[in-house]
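Student: In this note's numbering, the protein residues as written are 1443 to 1918.
Heads up, the beta-carbon is just placed ideally off N, CA and C, and yes, glycines get one too.
Note that this is a predicted model, so its numbers are computed, not measured.
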């Protein structure tokens, strides 16, 4: 029981400390930025982003071999520890630079090393999250962002450079340590059976909304990171407080919503929340010009929008694929797009200056237009499918008692057949009479993924049809 609770806690909160380190490194109101000075920190940040890009490209290009080493062999622990070492060494070397007079090029090297190490850890977390059911995955992303924001807020009370070094290194250690009990054994689903799920069109259909929103948000962050070029006045104290309030608020809302409604809440966030977030990012630069309380409110809303994009994109990318190989490819693509967009924004803002606001408006308007154009037909088709499925399910869910009995019998059968968590989730929906299409929609996976899990369920239970499955459930 204690081991189960430990794994649950690691799953829900383990990525939070790594997110906190990302905020400390990247956020333009971070205390570390104030410690080193914005200009001096820019070189380190650019090289850290370059390190993320390099590692992300490697994750995409070598996804099969990297996922196999991390997921299927004992060498996976060595990979995690190596990534931890790179992250900590790069970070500690950066924080030691002000205390010792050395060439600034070493700061660039430290940023590169840290970026690579943190990206490998993030990729490993993507693999871990992909193994969870959809409800837990979305809830874990929201909770991890909340933990990261809380740790980021704690950094404001650190007194000196040494405490920053110890705090940041401890966060990376905590995130890496949380991965160790979650590394699976070799009894996971056969990857060959799920190979058809790697269709590019399917993954794009599941991830383009949040991924495009996050990429555009990262571009906006790059454009405004240095207020000197962006032509804006930056009150770091106010922005720091706004980042805590906005990000924490949306994380709590998402965590509660996902815990209660699961993928239904995720679907609402995807169809409604993301367009609202994009509109907030579009309007905030104009609201901030009003000053006073409007500045704090608009900044908080903008931070909340960024956090929502991150939660939805990270989880959608992790759950869009059904194999470790494809998960690493999708997660690596997310990290590559977001990081490249932020780096691009930071590089072009010195040339375009205040015209960056116009660029922000253009790209966000295009994104909103794409959402409006593509959401309507999908939504209407989804409503039709839901109506059809409702009629099919009515007989098996005639009363709450019958539904509860079916769920209990399916759970007992899953334990008897040693089914994985994913297979157990699919079995419960099969037992309620759901079609493959409905199961795919409910779990945010493809039809091929559902078919793969059904084949595995039939194999483990030694049956060949759904009728036999219903007989087994009735016998429990």
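#1: Confirm, please, whether the CB-CB distance from residue 1689 to residue 1591 is below 8 Å.
#2: On the three-state DSSP scale, how would you describe residue 1523?
#3: Count the C-beta pairs between the segment 1653-1660 and the segment 1719-1731 that are closer than 8 Å, then say yes if the count reaches three, no if not.
#4: Check each candidate in 1704, 1683 and 1788 and name the one with the smallest Cα separation from residue 1740.
#5: Among 1649, 1678, 1705 and 1799, which one has its Cα closest to the Cα of residue 1752?
#6: Taking the alpha-carbon positions, what's the residue 1594 to residue 1693 distance?
#7: How would you label residue 1807, buried or exposed, when you count the other beta carbons within 10 angstroms and need 16 or more for buried?
#8: Which residues in the same chain have their Cβ closer than 7 Å to the Cβ of residue 1835, if we skip the five residues on either side of it in sequence?
#9: Cutting at 7 Å between CB atoms, please list the residues of its own chain near residue 1499, excluding the five before and the five after it.
#10: Helix, strand or coil: how does DSSP classify residue 1573 here?
#11: In the DSSP assignment, find the alpha helix (DSSP H) that holds residue 1882 and state where it starts and stops.
#12: Helix, strand or coil for residue 1621 per DSSP?
#13: Consult DSSP for residue 1906 and reduce its assignment to one of helix, strand or coil.
#14: Using only the alpha-carbon positions, how far apart do residue 1492 and residue 1882 sit?
#15: With the cut-off set at 8 Å, would you say residue 1584 and residue 1571 are in Cβ contact?
#16: What is the rounded straight-line gap between the Cα of residue 1859 and the Cα of residue 1667?
#17: For a cutoff of 8 Å on Cβ pairs, would you count residue 1901 as touching chain B?
#18: Around the Cβ of residue 1599, are there at least 16 other Cβ atoms within 10 angstroms (buried) or fewer (exposed)?
#19: Thinking residue 1786 and residue 1664 are a contact (beta carbons under 8 Å), I'd like their distance in whole angstroms, please.
#20: Would you mind working out which of 1462, 1784 and 1616 sits nearest residue 1494, comparing C-alpha positions?
#21: Taking 8 Å as the threshold (C-beta atoms), are residue 1513 and residue 1569 in contact?
#22: Given a threshold of 16 other Cβ atoms within 10 Å of its Cβ, counted over all protein chains shown, does residue 1639 qualify as buried or as exposed?
#23: If distances are taken between C-alpha atoms only, which option among 1884, 1906, 1887 and 1912 comes closest to residue 1852?
#24: Take residue 1898 as the anchor and find which of 1886, 1771, 1916 and 1856 has the nearest alpha-carbon.
#25: Starting from the C-beta of residue 1863, find all residues in its chain whose C-beta is less than 8 Å away, skip the five residues before and the five after it, and write them out in chain order.
#26: Rounded to whole angstroms, how far is the Cβ of residue 1580 from the Cβ of residue 1757, which I believe are closer than 8 Å?
#27: Leaving out the 5 sequence neighbours to the left and right, which residues in its chain are closer than 8 Å to residue 1743 when beta-carbon positions are compared?
#28: Tell me where the alpha helix (DSSP H) around residue 1456 begins and ends.
#29: In angstroms with no decimal places, state the Cα-to-Cα distance between residue 1916 and residue 1890.
#30: Within this structure, are the beta carbons of residue 1460 and residue 1614 separated by less than 8 Å?
#31: Take residue 1728 as the anchor and find which of 1803, 1903, 1647 and 1814 has the nearest alpha-carbon.
#32: Assuming contact is defined by CB atoms lying nearer than 8 Å, are residue 1398 and residue 1708 in contact in what I supplied?
#33: Use the C-beta contact count for residue 1601: other C-beta atoms within 10 angstroms, 16 or more gives buried, fewer gives exposed.
#34: My understanding is that residue 1463 touches residue 1560, with C-beta atoms under 8 Å, so please give their C-beta distance in whole angstroms.
#35: Near residue 1782, what residues of its chain come up, given a Cβ to Cβ distance below 7 Å and the 5 sequence neighbours on each side ignored?
#36: Cβ of residue 1605 within 8 Å of Cβ of residue 1563?
Tutor: Looking at the coordinates:
#1: Taking 8 Å as the cut-off, the beta carbon of residue 1591 is found closer than this to the beta carbon of residue 1689.
#2: Three-state DSSP puts residue 1523 in a helix.
#3: yes
#4: It is 1683 whose Cα lies nearest to the Cα of residue 1740.
#5: Taking only the C-alpha atoms, the option nearest residue 1752 is 1649.
#6: Looking at the two C-alpha atoms, the distance is approximately 14 Å.
#7: By the neighbour-count criterion, in which 16 or more other beta carbons inside 10 Å mark a residue as buried, residue 1807 falls on the exposed side.
#8: Residue placement at residue 1835 is flagged as unreliable, the pLDDT there being 42, under the threshold of 50; the coordinate-derived value follows with that caveat. Counting only Cβ-Cβ distances below 7 Å, and skipping sequence neighbours, we find 1874, 1875 and 1876.
#9: 1778
#10: coil
#11: 1878-1885
#12: helix
#13: coil
#14: 37 Å
#15: no
#16: The straight-line gap from Cα to Cα measures roughly 54 Å.
#17: The structure shown has no chain B; it contains just one protein chain.
#18: exposed
#19: 6 Å
#20: That would be 1784, whose Cα lies nearest to the Cα of residue 1494.
#21: In this structure, residue 1569 lies near residue 1513, with their beta-carbon atoms less than 8 Å apart.
#22: Its pLDDT being 42, under 50, residue 1639 is placed unreliably by the model, and the measurement read from it follows with that caveat. Buried: at least 16 other Cβ atoms inside 10 Å.
#23: 1912
#24: 1856
#25: 1573, 1574 and 1575
#26: 5 Å
#27: 1688, 1722 and 1726
#28: According to the DSSP assignment, residue 1456 belongs to no alpha helix (DSSP H), since it is labelled neither H nor E.
#29: 27 Å
#30: The answer is yes: Cβ separation under 8 Å.
#31: 1803
#32: The structure shown does not extend to residue 1398, since the chain is modelled only from 1443 through 1918, so no value can be given for it.
#33: exposed
#34: 7 Å
#35: 1495
#36: At a Cβ-Cβ threshold of 8 Å, residue 1605 and residue 1563 do not count as neighbours.
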